[in-house]
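Single-structure report; data block below.
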Amino acid sequence: MSDQHNPPAIRATLEPERPAPPQAGRARPKPLRALAGRQELLVLGLLLLAGIVLSLRSENFLQPTNLLNLARGVSWFAISALGVSMVILIGGIDLSVGAVMALAGLVCALALQAGTPLPLAIGAGLLSGTGVGMANGLLVGQLNLPPFIVTLGTMGLARGLALGLTGGAPVRELPASFRMLGQGDLRLAGVTLPLPLLAMVTMALLVSLLLHQTVLGRYIYTLGRDEQALRVAGVATTRIKITVYTFSGLLAACGGIIMTAWLGVAAPTAAEGYELDIIAAAVIGGTSLFGGEGSVLGVVLGTLLMLTVRNGMVMLGLPAYWQLSTIGAMILAVVLIDYLRRRRLTHG
Amino acid sequence: METLLHVSRLTRSFGDLTALDRVSFSVHPGEVVGLVGRTGAGKSVLAQILGGTMAPSGGTVLVGGERLRWPFSPRRIGVATVPQQTALAHGLDVTANIFLGAELGWPRLGWLRSPDRRRMDQRASELLAQLDVAVPSLRTPVDNLTSEQRQLLAIARAMVAPARLVVLDEPTALLGYAAQQRLLALIRSWQQGGTAVLFATSSLDHIFAVTDRVIVLNEGRVALDTRTDSTSREEVVAALIGQSERQQLTPIIWALESYYSAREQAERLRLQQRRLERDLAAQDSLNQQLIKQLAQQVRSLDQANLALQDAQRRLLTEREDERKYLARELHDEVIQDLLSVNFQLEELESEAAANPALADELASIRESVRALVSDVRRICGNLRPPTIDSLGLAAALQSFTRDWSARSGLAVSLEVAEGMARLPEEIELSIFRIVQESLANVRKHAQARSARVRLAPASPRAVSVTIEDDGRGLDASLDLAALGRAGHYGLLGISERVALLQGKLRITNGAAGGLLIEAEIPHPRAV
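Residue numbers (our numbering), protein chains in the order written: chain A, 16 to 363; chain B, 508 to 1034.
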């Protein structure tokens, strides 16, 4: 009835003035431009700075042995950090990661000690981590419990399980084939590539592919930014949460097994406190604790920066007691710089 | 008809508060059901339950015979929802938001499929065009859009996949009048396509515009469920308010009605004004352009015309000069020669008196020579009326008409007003030529028996020339250009001469039925 007030003739006069349908891709930022002004770049700069300072102050820093060791150490750390950063992306937190690393390594080591073939033993280790992750996911996703509390609980459970299984004693004398996973190198055309590094790069690529090339990746970012919108759009957010926590457990187990292979010993107290280091590395790399923001590259760079600084302090012979404060100061500094940069961006 | 949506004893409570209280109704395919209720009546809760995001406390919902279990993805069961708070995801761009939860992608691996941006962008542009939404770019984050654009995006999202049931929760609240009308049209098209629509709105106008049935919720209960055709605004509002408050009914109806109609009126006015302004601006600039072009054309035409007139005037003057020269030559040379030949012949005749045969011969030759002289004199007169320079126009016309009448055998009367002063040579000559041309016309075409030429002052600064005959007159339509093309230059020549003198010309059929040519030719005030 009120339709009569809008006769087609009037539409016709309005039509030519209507702007052309929006063109896709016009506003798509160039990859380089997108990178500029991002935290990854800042971290990369700091990393180069740390590398230059350390190579000037310590002749040992640039030694191949040291760099290879650093690369191996970074690898398993970064693999675990990838999982945690996915959890942070959806607005959650995973405090159980350190304990899961220790548990998975230990389960794998115990299985090996019992004579289980290597692939099966690794599978068992991965399964233990995945189980803890899935428990996290179910409690957080299905029951809507706060992730901080849930993962704090599973952290205790996993750590306690590791201690209980071994009676607190580390498992030694692991088979060489297993230790190869953490200590072995791949020599390709004269270049030495540590196996853990290859594993890390592979994982990083896979996670990156998952985050940026799949619908699930979109949902993960969107879940962290606007969970309600995703729910209203009919996406099963609970299942995403379960998936991501499970994935975090799996990656933590992966990192834990490589760590154990690298160390050559499975200690129930291994990786203690690493959950905070890993979260710190992710934050340094630009992952927002509020969710929805962060990248694989950032996480890898953040890990690299943190471990390089730690390694450098050892190289320079600085007392170990000060390492903790240095890392803490670094976190604050990076977050502060990021805050200032953002404020300048938003306030012109 | 088969039931699409069957809601049975649906209840939802929040603590002590019961938002929905045993609500039951059903919706058939292609049916548009309006859902009305005051704020807090339970519309949004119902919409959220049907959207799969909120589980009811009790009751059942069947969609297409299938019982729902919460939470569910509405898309999977063919339900599309447009929630009240536009639930677009922050930070995602236009396309991503439209397709959120229904991304097109490949391969078919569920969540692991890779989004196909190009296909989604294309489809998104189509949907936006259909809804007439103009967004800066498909890559614009939705946070940068207006609330109307955001609401339209939420509606576009409901159109991504074909749905059996569309649930709209107050979709018009954030829309302007034009967009509201588009939405109503969209609802009608859904209706025709067999899609059921559950349309929660607070506008009674919209309810009565599109719905087949109207359900009124009051404090979580169904207060009215009836066919829209068989109810009235009063009844709906009564249910809306609740029976117990009936005494307040009238003012509230009035308030609601006037509020909505005022708002709509204002919207409509705003739209019309905008449209008018736009049209006017466009019209104005177009007009100005046209006027400019026209002025330019007129200017160049004027210039061409002036140049043409100038050329014509020069041509005529030269022709007159040429004639004058020719006439003088003929008069001074040829006639004198002829006269001297005649004189010699006369002498010869007197000498040849002895031979009468020769004398006769000579006399006849002298006669021929005399005729020749008078012929040449007449030609001279035509070329240049000899009297016009010395005695003036009137005398020239007098002699010309007499001569013409004698030669054509038609009666001519010439009336020249008393006291006609001498005019400039150019004008007198032109008038003479006009009369000459007109009379030639009369003889050639008019089949007339007599003609009348009148010369009188029209004003102190103009002279009027009239030539009238009693012939057959003009055809109904006179087209000088056509006459010119046909090779008849008489009237054309007259009109050109008049135009060159900046005079006025009227060619009509006179009272006697013959042709009447009236020319008014301005001249400098006679001294």
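Each residue gets a CB set at the ideal place from its N, CA and C atoms; glycine is no exception.
Contact the segment 242 to 249 of chain A vs the segment 143 to 160 of chain A: 3+ CB pairs below 8 Å
Contact fails: fewer than three Cβ-Cβ distances are below 8 Å.
Got a sec, what are the start and stop residues for the alpha helix (DSSP H) Arg-914(B) sits in?
900 to 915 is the span of the alpha helix (DSSP H), which, as asked, contains Arg-914(B).
How would you label Met-195(A), buried or exposed, when you count the other beta carbons within 10 angstroms and need 16 or more for buried?
exposed
Can you tell me whether DSSP reads Ser-920(B) as helix, strand or coil?
Reduced to three states, the DSSP call for Ser-920(B) is strand.
For a cutoff of 9 Å on Cβ pairs, would you count Asp-664(B) as touching chain A?
The question names Asp, but residue 664(B) in the sequence shown is Arg. Cβ-Cβ to chain A under 9 Å: yes for Arg-664(B).
Under the assumption that Val-570(B) contacts Leu-672(B) (Cβ atoms under 8 Å), give the Cβ distance between them as a whole number of angstroms.
7 Å
Host alpha helix (DSSP H) of Phe-76(A) (start-end):
That residue, Phe-76(A), is in no alpha helix (DSSP H); it is neither H nor E in DSSP.
Alpha-carbon spacing of Pro-964(B) relative to Gln-943(B), whole angstroms
Approximately 19 Å between the Cα atoms of the pair.
Sequence-distant residues of its chain with Cβ nearer than 6 Å to Leu-69(A) (five each side left out)
Phe-76, Gly-327
Environment of Val-206(A) [buried if 16+ CB atoms lie within 10 Å]:
exposed
Output yes if chain B places a C-beta closer than 9 Å to the C-beta of Asp-353(A); else output no.
no
Considering Ser-520(B), what are the terminal residues of the alpha helix (DSSP H) in which it resides?
No alpha helix (DSSP H) contains Ser-520(B), which is instead part of the beta strand (DSSP E) from 512 to 521.
Close beta carbons around Glu-633(B), own chain, < 8 Å, minus the five adjacent residues each side:
none
Using only CA atoms, which one of Gly-144(A), Pro-134(A), Ala-124(A), Ala-93(A) lies nearest to Met-116(A)?
Gly-144(A)
Spatial neighbours of Gly-88(A) within its chain, please: CB distance less than 7 Å, with the 5 preceding and 5 following residues excluded, ordered by chain position.
Leu-322
Skipping 5 residues on each side, what residues in its chain have a beta carbon closer than 6 Å to that of Val-452(B)?
In this structure chain B extends from 508 to 1034, so residue 452(B) is not present and cannot be described.
Starting from the C-beta of Pro-563(B), find all residues in its chain whose C-beta is less than 8 Å away, skip the five residues before and the five after it, and write them out in chain order.
Leu-517, Thr-518, Arg-519, Leu-527, Ile-556, Trp-577
State the DSSP-derived secondary structure class of Arg-43(A), mapped to helix, strand or coil.
Caution is warranted here: a pLDDT of 43 is assigned to Arg-43(A), below 50, making its placement in the model unreliable, and the coordinate value is therefore given only provisionally. Coil.
Using a Cβ-Cβ cut-off of 6 Å (strictly less than) and excluding sequence neighbours within five positions of Leu-154(A), which residues of its own chain qualify?
Contacts found: Leu-160, Val-165.
Is it buried or exposed for Leu-339(A), if we count other Cβ within 10 angstroms and need 16 for buried?
exposed
Asn-948(B) versus Ile-798(B): straight-line alpha-carbon distance, rounded:
Going from the Cα of Asn-948(B) to the Cα of Ile-798(B) covers about 43 Å.
Spatial neighbours of Ile-694(B) within its chain, please: C-beta separation below 7 Å, excluding the five flanking residues on both sides.
Val-539, Val-704, Phe-706, Val-717
Residues near Ala-746(B) by beta carbon distance below 6 Å, same chain, minus five either side:
So the qualifying residues of the chain are Val-723, Ala-730, Leu-731.
Kindly list, in the order they appear in chain A, the residues whose Cβ is closer than 7 Å to that of Gly-608(B).
Result: Ala-248, Gly-249, Val-250.
3 or more residues per run - each beta strand (DSSP E) lying fully within the segment 773 to 826 of chain B:
none
On the DSSP letters alone, give me the boundaries of the beta strand (DSSP E) that Ile-974(B) sits inside.
969 to 976
Is there at least one Cβ from chain A nearer than 9 Å to Trp-697(B)'s Cβ?
no
Count the C-beta pairs between the segment 347 to 355 of chain A and the segment 86 to 102 of chain A that are closer than 8 Å, then say yes if the count reaches three, no if not.
no
If you draw a straight line from the alpha carbon of Asn-1016(B) to that of Leu-921(B), how long is it in whole angstroms?
19 Å
Reduced DSSP category for Pro-581(B) - H, G, I as helix; E, B as strand; rest coil
helix
Give me the DSSP bridge partner(s) of Lys-1011(B).
Glu-1027(B)
Would you mind telling me which residues of chain A sit closer than 7 Å to Ser-621(B), beta carbon to beta carbon, in chain order?
Gln-228, Thr-229
Chain-order list of residues whose beta-carbon lies under 6 Å from that of Ala-1018(B) (same chain, five-residue window excluded)
Setting aside the 5 residues that flank it on each side, Ala-1018(B) has no residue in the same chain whose C-beta is closer than 6 Å to its C-beta.
Any idea if Thr-567(B) is buried or exposed, counting beta-carbon neighbours within 10 angstroms, 16 or more meaning buried?
exposed
Short check: CB of Cys-123(A) to CB of Ala-281(A), under 9 Å?
yes
Quick one: list the residues of chain A neighbouring Thr-560(B), beta-carbon separation under 7 Å, in chain order.
Arg-246, Val-247
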